[in-house]
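**Q** Using UniProt numbering, the first residue of the sequence shown is number 1, and each one after it goes up by one. Virtual Cβ for every residue (Gly too), placed ideally from N, Cα, C.
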Amino acid sequence: MVKRVTITDIAKAAKISPTTVSLILNGKGERFSQETCERVFYLRDRLGYRVEKQVSSPKHKQLKRIGVVIPNFNQSFYNQVITGIQKSAGPNVLITIYEGANFSEEMQSGLRWIFEESLDGLILCGPFIDVETLYGWAETEELPIVIVNSQSSVDDSDVWIDLHRAGQLAAEYLLDNGHRDIAVVVPENYTATNEVLLSGFKEGMQEYHEELAEADIYPIVPTLQAGYELAKKVVLNKYTAVFAGGDEMAIGIMRGLVANGRHLPADQSVLGFGNSELGDYTTPQLSSIDIPSSDIGRAAFDKLEELGKNNSASRENLLLPIGINKRFSVKHI
């Protein structure tokens with residue numbers, strides 16, 4: 001049996017990414033050089049690449065078993081994304097969840113075997129190193145995939161939230177409440193995500209003619225315990241407010257501040273990220289950047305189902321809105 005030539009084969013021969021090849025072959029190669037475009041068309045003809053014609057049929061591919069890749073089981077944000085996927089998928093779809101821990105290049109190379117599993121579709125959540133490689137693998141295995149907030153590029157995400165704007169909102173909210181001595185706590189290892197969130201926060205501060213020093217940024221393990229242990233530094237460095245890029249970290253910090261004799265929010269204000277339900281059960285209740293995590297999950301599955309039915313369906317990315325749930329953990333000073 002003759003192996004079908006794929007876009008990935010052309011990309012390897014041309015020494016460019018599968019995404020670049022796909023854009024050129026689909027008439028969207030304006031941003032690439034004439035030489036690159038000509039090389040792609042030459043290799044298309046030489047290798048014998050043919051676009052598979054869509055045959056109309058009433059029978060669509062059903063999603064019976066899908067995979068979901070997340071960075072960390074311990075973050076309520078991703079748990080809520082999974083809940084949204086489950087609600088949209090219903091009881092007849094088997095969902096296998098893979099934990100990535102962090103998205104290093106080594107870890108991403110380990111994702112290859114997941115693409116070879118007997119899956120009908122795959123949802124990948126997180127700051128992936130090389131999205132173009134993921135799309136190449138998906139094409140090779142003829143596996144529909146949906147990428148949620150890759151952060152390598154907005155254009156690479158099918159479903160995403162504007163983390164840059166989220167960072168801006170956090171800074172503006174704390175600054176509007178009079179805070180200038182602010183600590184920012186981010187999950188360690190989520191480098192791409194942190195860069196986007198921090199760039200937004202820094203931009204928000206600059207609008208108020210303030211600066212965020214590197215010494216005021218604290219990368220920690222995204223857990224309650226790590227937040228609890230960090231609280232002592234918040235007290236020692238006399239910060240009036242903390243923005244934590246995850247509600248678990250924020251809640252841990254709150255508990256740690258109380259353990260160090262602080263009164264919240266009278267002595268310190270804390271702003272979380274993700275708007276977890278856990279925030280309703282803290283004292284005081286946690287103010288948090290509101291990320292529609294369950295809606296993200298629902299939208300991701302709906303997009304995957306659409307691609308499963310029609311692999312030429314539009315890959316236009318879906319931007320979901322963000323806001324702030326203003327509870328009681330931030331005080332105006």
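Report the rounded CA-to-CA distance for Ser287 versus Asn92, giving the unit in angstroms.
**A** 37 Å
**Q** To the nearest angstrom, how far is the alpha carbon of Asp9 from that of Pro265?
**A** 58 Å
**Q** When the distance is taken between beta carbons, is Ile220 closer than 8 Å to Met249?
**A** For the 8 Å CB-CB criterion, Met249 and Ile220 form a contact.
**Q** Please work out which residues of its chain come closer than 7 Å, Cβ to Cβ, to Gln86, disregarding the five sequence neighbours upstream and downstream, and give them in chain order.
**A** Ile95
**Q** Expressed to the nearest angstrom, what Euclidean distance is found between the alpha-carbon atoms of Gln75 and Glu172?
**A** 25 Å
**Q** Pull up the DSSP beta-bridge partners for Pro187, would you.
**A** For Pro187, the beta-bridge partners assigned by DSSP are Ile220.
**Q** In terms of alpha-carbon separation, which member of His209, Gly178, Ile161, Ala213 lies closest to Ser294?
**A** Ile161
**Q** Would DSSP call Tyr98 helix, strand or coil?
**A** strand
**Q** Along the beta strand (DSSP E) that carries Asp280, what are the first and last residues, could you check?
**A** That residue, Asp280, is in no beta strand (DSSP E); it is neither H nor E in DSSP.
**Q** For Pro284, I'd like the list of residues in its chain whose CB is within less than 8 Å of its CB, leaving aside the five on either flank, ordered along the chain.
**A** Hits under 8 Å: Leu264, Pro265, Arg327, Phe328, Ser329.
**Q** How big is the Cα-Cα spacing for Leu134 and Gly279?
**A** 35 Å
**Q** Return the residue from the list Phe243, Ala259, Gly27, Ser17 that minimises the CA-CA distance to Ser269.
**A** Phe243
**Q** So is Gln34 buried or exposed if we call it buried at 16+ other beta carbons inside 10 Å?
**A** By the neighbour-count criterion, in which 16 or more other beta carbons inside 10 Å mark a residue as buried, Gln34 falls on the exposed side.
**Q** From Ile66, Gly136, Glu229, pick the residue whose C-alpha is nearest to that of Leu122; which is it?
**A** Ile66
**Q** Could you check the C-alpha separation between Val196 and Ile182 for me, to the nearest Å?
**A** 18 Å
**Q** Determine the direct distance from the alpha carbon of Gly261 to that of Ser153, and round the result to whole angstroms.
**A** With a pLDDT of only 49 at Ser153, under 50, the local geometry of the prediction cannot be trusted, and the value read off the model is given with reservation. The straight-line gap from Cα to Cα measures roughly 43 Å.
**Q** Could you name each continuous alpha helix (DSSP H) segment of 4 residues or more that falls completely within the stretch 235-298, going from the start of the chain to the end?
**A** 247-259
**Q** Report the three-state DSSP secondary structure of Val81 (helix, strand or coil).
**A** helix
**Q** With respect to the alpha helix (DSSP H) encompassing Val69, which residues constitute its N-terminal and C-terminal limits?
**A** Counting along the chain, Val69 falls outside any alpha helix (DSSP H), though it belongs to the beta strand (DSSP E) covering 65-70.
**Q** Spatial neighbours of Ala11 within its chain, please: CB distance less than 8 Å, with the 5 preceding and 5 following residues excluded, ordered by chain position.
**A** Ser17, Pro18, Thr20, Val21, Gly136
**Q** How many whole angstroms separate the CB atoms of Gly167 and Gly204, which I take to be in contact at a CB cut-off of 8 Å?
**A** Correct: roughly 6 Å between the Cβ atoms.
**Q** CA-CA distance, Thr193 and Gly126?
**A** 8 Å
**Q** Put Val159 into one of helix, strand or coil per three-state DSSP.
**A** Note: Val159 maps to strand in three-state DSSP.
**Q** Looking only at DSSP bridge pairs, what is Asn325 linked to?
**A** Ser288
**Q** If you reduce the DSSP assignment to three classes, tell me which class Leu143 lands in.
**A** Three-state DSSP puts Leu143 in coil, outside helix and strand.
**Q** With burial defined as no fewer than 16 other Cβ atoms inside 10 Å of the residue's Cβ, what is the status of Lys303: buried or exposed?
**A** buried
**Q** For a quick check, are the C-beta atoms of Ala13 and Leu47 less than 8 Å apart?
**A** yes
**Q** What does DSSP give as the partner residue(s) for Ile123 in the beta ladder?
**A** Val68, Val146
**Q** Using 8 Å as the threshold, is the C-beta distance between Glu210 and Leu175 below it?
**A** yes
**Q** DSSP three-state call for Ile16: helix, strand or coil?
**A** coil
**Q** Checking the sheet assignment: what are the DSSP bridge partners for Leu320?
**A** Looking at the DSSP assignment, Leu320 forms a beta bridge with Ile161.
**Q** Would Asn241 be called buried (16 or more neighbouring beta carbons within 10 Å of its own) or exposed?
**A** Looking at the sequence itself, residue 241 is Ala, so the reference to Asn does not match. Here Ala241 is buried: its Cβ has 16 or more other Cβ atoms, across all protein chains shown, within 10 Å.
**Q** From the DSSP output, read off the bridge partner residues of Ile182.
**A** Ala241
**Q** Can you list, in chain order, the residues of its chain with a C-beta nearer than 8 Å to that of Gly323? Leave out the 5 residues immediately preceding and following it.
**A** Leu169, Ile289, Asp290
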